[in-house]
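Novice: I'd like to ask you about the structure that follows.
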Amino acid sequence: MRPEAAELPPEPEAAASPLVSIRDLRTYYSIRGSFADRLVGREAGVVRAVDGVSLDIRRGEVLGLVGESGSGKTTLGRTLLGLARATSGNVDFEGQEITRLPEREFRAVRRRMQVVFQDPHASLNPAMTIGQSVGHPFQIHGLERNRDRLRLRVSEMLERVGLAPAEAYLDKYPSDLSGGQKQRAVIARALILNPVMLVADEPVSMLDMSVRAKILELLLALKHDFDLTYLYITHDLATARFFCDRIAIMYLGRIVEIGPAAAIYADPKHPYTRALLRAIPEPDPERAVPRDLPRGEVPDAARPPLGCHFHPRCPNAFEPCGWESRDLRELLEARWARDAGREGVEEEEALFGDLSALDVPSPEVRFPPPRGRRPEEIVAALERIRSQDPGEPFWKGVERLEAQDAHVRLDFHPPNDPRLERTGEVDVACHLYGSAPR
Amino acid sequence: MAVEARPAPRSPHGRARLMALGRATKPIREARGTARVMLWAGAAITLFFIVLAVFAPLISPYGFSEYKSGGVRFPQLAHPSAAHWMGTTVQSSDVMARVIWGAQTELEVVAIALVMALTIGVPLGLLSGYFGGPLDRALVVVMDALFAFPYLLIAIVIAFLLSNSSIGGGILTAAIAITVAYVPLYFRVVRNHVISLREEAYVDAARALGARPRTIIRKYVFFNVVQNVPPIATLNAADAILLLAALGFLGYGIQPTQGAEWGYDINRAVSDASSGIWWTGLFPGLAIVLLVTGLTLLGEGLNETLNPVLRRRRFGRIDFEPLPEEML
Amino acid sequence: MSVLQVRRLRVYYGTPAQPVRAVEDVSLEIGEREVVGLVGESGCGKSTLGRGILGLLPEGARADGEVLYGGRNLIGLSPKELRRLRGPDLGLVFQEPMTRLNPLSRISEHFRETLKQHESRLSDAEMRRRSLETLGRMGIPPTRFDQYPHEFSGGMRQRIMIALALVLRPKLLVADEPTTSLDVIVEGQILALLADLKRDFGTALLLITHNLGIVAESCDRIAVMYAGKIVEEGPVRDVFANPAHPYTRELLRSTISLETTELHSIPGAPPNLIDPPPGCRFHPRCPDAMRVCAQLEPVEKRFDQVRRVQCWLHGPESRIPAGGELPLEREAIGVADEA
Chain W
1 MRPEAAELPP EPEAAASPLV SIRDLRTYYS IRGSFADRLV GREAGVVRAV DGVSLDIRRG
61 EVLGLVGESG SGKTTLGRTL LGLARATSGN VDFEGQEITR LPEREFRAVR RRMQVVFQDP
121 HASLNPAMTI GQSVGHPFQI HGLERNRDRL RLRVSEMLER VGLAPAEAYL DKYPSDLSGG
181 QKQRAVIARA LILNPVMLVA DEPVSMLDMS VRAKILELLL ALKHDFDLTY LYITHDLATA
241 RFFCDRIAIM YLGRIVEIGP AAAIYADPKH PYTRALLRAI PEPDPERAVP RDLPRGEVPD
301 AARPPLGCHF HPRCPNAFEP CGWESRDLRE LLEARWARDA GREGVEEEEA LFGDLSALDV
361 PSPEVRFPPP RGRRPEEIVA ALERIRSQDP GEPFWKGVER LEAQDAHVRL DFHPPNDPRL
421 ERTGEVDVAC HLYGSAPR
Chain F
1001 MAVEARPAPR SPHGRARLMA LGRATKPIRE ARGTARVMLW AGAAITLFFI VLAVFAPLIS
1061 PYGFSEYKSG GVRFPQLAHP SAAHWMGTTV QSSDVMARVI WGAQTELEVV AIALVMALTI
1121 GVPLGLLSGY FGGPLDRALV VVMDALFAFP YLLIAIVIAF LLSNSSIGGG ILTAAIAITV
1181 AYVPLYFRVV RNHVISLREE AYVDAARALG ARPRTIIRKY VFFNVVQNVP PIATLNAADA
1241 ILLLAALGFL GYGIQPTQGA EWGYDINRAV SDASSGIWWT GLFPGLAIVL LVTGLTLLGE
1301 GLNETLNPVL RRRRFGRIDF EPLPEEML
Chain U
2001 MSVLQVRRLR VYYGTPAQPV RAVEDVSLEI GEREVVGLVG ESGCGKSTLG RGILGLLPEG
2061 ARADGEVLYG GRNLIGLSPK ELRRLRGPDL GLVFQEPMTR LNPLSRISEH FRETLKQHES
2121 RLSDAEMRRR SLETLGRMGI PPTRFDQYPH EFSGGMRQRI MIALALVLRP KLLVADEPTT
2181 SLDVIVEGQI LALLADLKRD FGTALLLITH NLGIVAESCD RIAVMYAGKI VEEGPVRDVF
2241 ANPAHPYTRE LLRSTISLET TELHSIPGAP PNLIDPPPGC RFHPRCPDAM RVCAQLEPVE
2301 KRFDQVRRVQ CWLHGPESRI PAGGELPLER EAIGVADEA
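Protein chains in written order, with my numbering: chain W, 1 to 438; chain F, 1001 to 1328; chain U, 2001 to 2339.
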């Protein structure tokens, strides 16, 4: 099946070195500001989709890259495939640096690294038959010009992915196939050139429950037969469990935990990993809907939280996690949402007035009270809020709260970015485990 | 044991091509209701004019500029009669001959104009939409500027400029004038569609497979964009007939020596109408109305059958059979 | 006491040829403050059933049977009468919240309009208080009341949609895949909110989903739908512990969760509903199929007040013709004959 493998016996060093080696990779997107912004020369925002990721993908393994939407997992995959430009950092693929390759030279890499996208309905050209689509890689790379031989190879590949007999599918159009069948054709197209690596970006999440297992099993069988290495991108830790040798958990552009799959499922370290695992619905009526899930949603990657990006949602956050001005706003808003309609809430809202002064991220907050109010009133209100819920992690971050020069002054512990550090079998980026100062 | 080689299947590639054709025309064959009526009525009218145009030398009793036959000059402004079914003009030409030869001129000009507008507008739209960047911005500005002018004005200016050049006031000039007016339209339609297609996963997949931009545009983008073109082109053809007639009417179109043209004839007929001579204007006018209607019906029919947004679903009657008694 | 009773409902979609029998002779009861989960593969008619209950069927569809609400049959009511019921009595939450919010209106305007339409006697201050309170329960702070839909994330929009349905205090809320496009943590948050509906708002909930995990965690009762029919119904605990219909069992086995130890899938795909298979509609895919299953429609078997199944495995034996219980011989299903 793999002529190259026969010609080139694996060298011992090559077998040991990782297939893909990513170092401090950053992929930023600039967001186009409004026309008015550009007129006055205001800087448009930058989305840090991938923000300093380092990891290795070893030959023959399945690495699961897991995160919610907005975590940057898809962008990381696209950067690897050369579909998105890296802003900085390196990706070594089979010993070659590929982030700065011009498109023309990247074409050779693409014979070796292929992709399966999430949506099978959109991944095939509606104007090409299945046979044409699956055989197209040969024509793109000028590897097979004889049409009968091409048809034969396409047929073999289709039957290998379960689309048998191939004659029944070759001349069909994508619109004639079901979702699972389309995804099989997409897999056939990706593997027909014998790549060494496959990036599978949510390959089963658009499929019906009853089909997912079949496609996952097919991918596993093909990995074995074709001696492949997979990067399996998903939001679903349940399917990843069946599939992956190692798992990397991503949150807002960074990897927060990475290690052997067994270790991560047995003993998740990062509070985010734990939350992801807890949130998966279990078909077990004895279990109720979990109620201790992290609050809120993944924040805007253009304005990530200071310190650990997860701290605003983290139930275990404490002093060094990066508390800041925006956390105060969220605390107040969550409180007012919970008590909306109750007595005293509107008065409290009026006391604080406009909260937009808190939108500039900073660990040191100074804001004036609204007209006719004294800063001491606000400080007293905050103290009252603290006394009502002293267990709230936010208060651990507050170093100082006082009225000063007609302003409210609130200082937080200085923010501290957690770095990936080895804890047991896994690497985790969390102050709960690291050697960071408490 | 020797196994007999199976006979090779009869060229699977040729069969695939036939199937592709069958698939492309399926919505047309399956059109129902008003769309079907419009489609076929439009096609019949258009075909009628195409036959007139192609076989004009056989069908037409006389040449378009003939004013005598067998040494006998035709009467001037003669009523429709057995000899001249649609009467004659002040220059003694046969109105019917002018209408029939006119069909040839109109269709020739429109065909040339559409081919030129498509060959310029579609590739520019493809490139501009796929690559984006400065080229795209520059093209969009130019095309929008052209688009902002009334068609007729652009066509008049171009016709005027070209009529003084070596090309002269013939069919090609008229065709170029119309082309310039329509290129921006195709450019815009194609470019906008390409921009939306560029985000499709299958275009990304093609890039990931290592396809060159040329291949992606040709195989992945063009085929999916080109489906929009037939209805637009047909509707445009109708519009172009009117534009050509307007040019002719205003005296910027085909020169009378170069061919028969309905708009020009109507212009000449304006003065006749006041003296009760109706046939010189009526027949070319009817020809314009009929051909434009035919093309419009065909275009709208195509649009309704090919455009999934407009395609009206048909529902059959639903009758519920009585349910069996509940069995407990 | 039941809020809503569906009796022998059929919903067909018209096509140029034969109609699609999307819902075929379905009966279902939803009790007060009860959470009922409706599950099945895509294309089995569960969304159609949800829409049929609310009278929200597309052009070309027809319904027959009874949907009894407050003593009235909703089938056959005029669109105007149905509109009056939808909102204050029957609420609906869709899968795609963005398409249901008007991008040009502030959140506050959405609420004012809804309340004006159905409870026009409320004062402005009262409307505001009720809106803020409902939004607050869903976790949307009052400071964001005057923002536009695009300023919210997907999860927030779904919360707003639910609040918009709940502000009228409906008796029954139909939620059609309300969390399918959301991330797993946000999905969990929203399910927790939905599970609290009965406590907070006294609302019954029909939760339509393809995810059995969601049903297990948040529903009291489950109805399993296959090819337009409810093939099994009962309390969630009983059905999950002891599925009576092979389809329910296979569906449970093919669900991938953290507890799953072995991958499993159901061969084949749901049938075409224009011309469904004779007998039991699941028989071509059923590992336990008997000869009778391909010939006769199964008779509904009621185990008790709340548990029922439509499957020949549960008899009645008196109706199975001689030799009918022998295993069914049929063609193998291809590997890729799937949904």
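Positions of the beta carbon are idealized from the N, C-alpha and C atoms, including for glycine.
Shorter than 7 angstroms from the beta carbon of isoleucine 280 (chain W) to some beta carbon of chain U?
Specialist: Yes, isoleucine 280 (chain W) lies at the interface with chain U (some Cβ there is under 7 angstroms from its Cβ).
Novice: Starting from isoleucine 57 (chain W), follow its DSSP beta bridges and name the residues at the other end.
Specialist: DSSP output for isoleucine 57 (chain W) lists W:Val20 as bridge partner(s).
Novice: Considering only C-alpha positions, which residue in the set W:Asn194, W:Ala166, W:Ala213 and W:Ser210 is nearest to lysine 223 (chain W)?
Specialist: For the residues W:Asn194, W:Ala166, W:Ala213 and W:Ser210, the minimum Cα distance to lysine 223 (chain W) belongs to W:Asn194.
Novice: Beta-carbon separation of methionine 209 (chain W) and histidine 2210 (chain U) under 7 angstroms?
Specialist: A contact, by the Cβ cut-off of 7 angstroms.
Novice: Quick check: is the beta carbon of tyrosine 2226 (chain U) nearer than 7 angstroms to any beta carbon in chain F?
Specialist: So, not an interface residue.
Novice: Please confirm whether arginine 1010 (chain F) has its beta-carbon closer than 7 angstroms to some beta-carbon of chain W.
Specialist: Confidence is the limiting factor: at arginine 1010 (chain F) the pLDDT is only 48, short of 50, which leaves the residue's position unreliable, though a coordinate-based value still follows. Closer than 7 angstroms: no.
Novice: With a threshold of 16 other CB atoms inside 10 Å of the CB of arginine 374 (chain W), please say whether the residue is buried or exposed.
Specialist: Exposed, because fewer than 16 other Cβ atoms sit within 10 Å of the Cβ of arginine 374 (chain W).
Novice: Does alanine 340 (chain W) get closer than 7 angstroms to chain U when you measure Cβ to Cβ?
Specialist: Taking Cβ atoms only, chain U reaches closer than 7 angstroms to alanine 340 (chain W), which makes this a yes.
Novice: Considering only the alpha carbon of each residue, which of U:Met2290, U:Thr2048 and U:Leu2104 lies closest to leucine 2059 (chain U)?
Specialist: Correcting the residue type first, residue 2059 (chain U) is glutamate in the shown sequence and not leucine. For glutamate 2059 (chain U), the nearest C-alpha among the options comes from U:Thr2048.
Novice: Starting from glutamate 2113 (chain U), follow its DSSP beta bridges and name the residues at the other end.
Specialist: DSSP, once it has assigned bridges, lists no residue as partnering glutamate 2113 (chain U).
Novice: Who are glutamate 1300 (chain F)'s beta bridge partners in DSSP?
Specialist: Paired residue(s): none; glutamate 1300 (chain F) is not in a bridge.
Novice: Roughly how many whole angstroms lie between the Cα atoms of leucine 150 (chain W) and arginine 111 (chain W)?
Specialist: Those two C-alpha atoms are separated by around 17 angstroms.
Novice: Take the Cβ of isoleucine 2274 (chain U) as the centre, count every other Cβ of all protein chains shown within 10 Å, and call the residue buried at 16 or more, exposed below.
Specialist: With fewer than 16 Cβ atoms within 10 Å of its Cβ, isoleucine 2274 (chain U) is classed as exposed.
Novice: Whether or not the stretch 75 to 86 of chain W and the stretch 105 to 122 of chain W are in contact is what I'm after, with contact meaning three or more pairs of Cβ atoms, one per stretch, closer than 8 angstroms; do they touch?
Specialist: The stretch 105 to 122 of chain W is in contact with the stretch 75 to 86 of chain W.
Novice: Could you round the C-beta distance between proline 260 (chain W) and arginine 246 (chain W) to whole angstroms and report it? I think they count as a contact, below 8 angstroms.
Specialist: About 6 angstroms; that satisfies the 8 angstroms criterion.
Novice: Just verifying my parser: in three-state terms, what is the DSSP assignment at isoleucine 255 (chain W)?
Specialist: DSSP places isoleucine 255 (chain W) in strand when its eight states are reduced to three.
Novice: Determine the chain W residues that contact phenylalanine 2240 (chain U) at a beta-carbon separation under 8 angstroms, and present them in chain order.
Specialist: The contacting residues are Pro283, Asp284 and Pro285.
Novice: Exposed or buried, which one is methionine 2001 (chain U) when buried takes at least 16 other CB atoms within 10 Å?
Specialist: So methionine 2001 (chain U) ends up on the exposed side.
Novice: Taking asparagine 2272 (chain U) as the query, report the chain W residues whose CB atoms sit under 8 angstroms from its CB, ordered along the chain.
Specialist: Those within 8 angstroms of asparagine 2272 (chain U) in chain W number zero; the least Cβ separation is about 12 angstroms.
Novice: Ends of the beta strand (DSSP E) at tyrosine 1220 (chain F)?
Specialist: Counting along the chain, tyrosine 1220 (chain F) falls outside any beta strand (DSSP E), and DSSP gives it neither H nor E.
Novice: Does any CB atom of chain F fall closer than 7 angstroms to the CB of glycine 2052 (chain U)?
Specialist: No - not a single Cβ of chain F is within 7 angstroms of the one on glycine 2052 (chain U).
Novice: Who are the Cβ neighbours of glycine 64 (chain W) in its own chain at under 6 angstroms, not counting the five residues just before and after it?
Specialist: Around glycine 64 (chain W): Tyr232, Ala240, Cys244 and Ile247.
Novice: My guess is that threonine 2203 (chain U) and lysine 2229 (chain U) are in contact by the Cβ rule of under 8 angstroms, so how many angstroms apart are they, rounded?
Specialist: Incorrect: roughly 27 angstroms between the Cβ atoms, too far for contact.
Novice: With three or more C-beta pairs closer than 8 angstroms as the rule, is the stretch 1193 to 1212 of chain F touching the stretch 136 to 151 of chain W?
Specialist: Touching, yes, given that three or more Cβ pairs across the two stretches are closer than 8 angstroms.
Novice: Chain F beta carbons: is any one of them nearer than 7 angstroms to that of proline 2019 (chain U)?
Specialist: Closer than 7 angstroms to some Cβ of chain F, the Cβ of proline 2019 (chain U) qualifies, so yes.
Novice: Start and end of the beta strand (DSSP E) containing phenylalanine 93 (chain W)?
Specialist: That run of the beta strand (DSSP E) goes 88 to 93.
Novice: Just the Cα atoms here: how many angstroms apart are leucine 1114 (chain F) and valine 1194 (chain F)?
Specialist: The alpha-carbon atoms of leucine 1114 (chain F) and valine 1194 (chain F) are separated by roughly 20 angstroms.
Novice: Can you tell me whether lysine 182 (chain W) is buried or exposed, with buried defined as 16 or more other CB within 10 angstroms of its CB?
Specialist: Buried, because 16 or more other Cβ atoms sit within 10 Å of the Cβ of lysine 182 (chain W).
Novice: Between alanine 2269 (chain U) and glutamate 2338 (chain U), how many whole angstroms is the CB-CB distance? I'm expecting something under 8 angstroms.
Specialist: With a Cβ gap of about 5 angstroms, alanine 2269 (chain U) and glutamate 2338 (chain U) count as contacting.
Novice: Going by DSSP in three states, lysine 2301 (chain U) sits in which element: helix, strand or coil?
Specialist: If DSSP states are grouped into helix, strand and coil, lysine 2301 (chain U) belongs with the strands.
Novice: Could you pull the DSSP bridge partners for glutamine 2310 (chain U) from this structure?
Specialist: Note: glutamine 2310 (chain U) sits in a beta bridge opposite U:Glu2300.
Novice: Tell me methionine 2225 (chain U)'s beta-bridge partners as DSSP assigns them.
Specialist: DSSP, once it has assigned bridges, lists U:Ile2230 as partnering methionine 2225 (chain U).
Novice: Could you name the residues that DSSP lists as bridge partners for leucine 65 (chain W)?
Specialist: BP columns for leucine 65 (chain W) point to W:Ile233 and W:Ala248.
Novice: Could you have a look at alanine 6 (chain W) and say whether DSSP puts it in helix, strand or coil?
Specialist: Caution is warranted here: a pLDDT of 42 is assigned to alanine 6 (chain W), below 50, making its placement in the model unreliable, and the coordinate value is therefore given only provisionally. Note: alanine 6 (chain W) maps to helix in three-state DSSP.
Novice: With a CB to CB cut of under 6 angstroms and the five nearest residues on each side skipped, what residues in its chain are close to isoleucine 1318 (chain F)?
Specialist: Cβ within range, chain order: n/a, list empty.
Novice: Excluding the 5 residues preceding and the 5 following valine 62 (chain W) in the sequence, name in chain order all residues of the same chain whose CB lies nearer than 6 angstroms to its CB.
Specialist: The answer, listed in chain order, is Tyr230, Tyr232, Phe243, Cys244 and Asp245.
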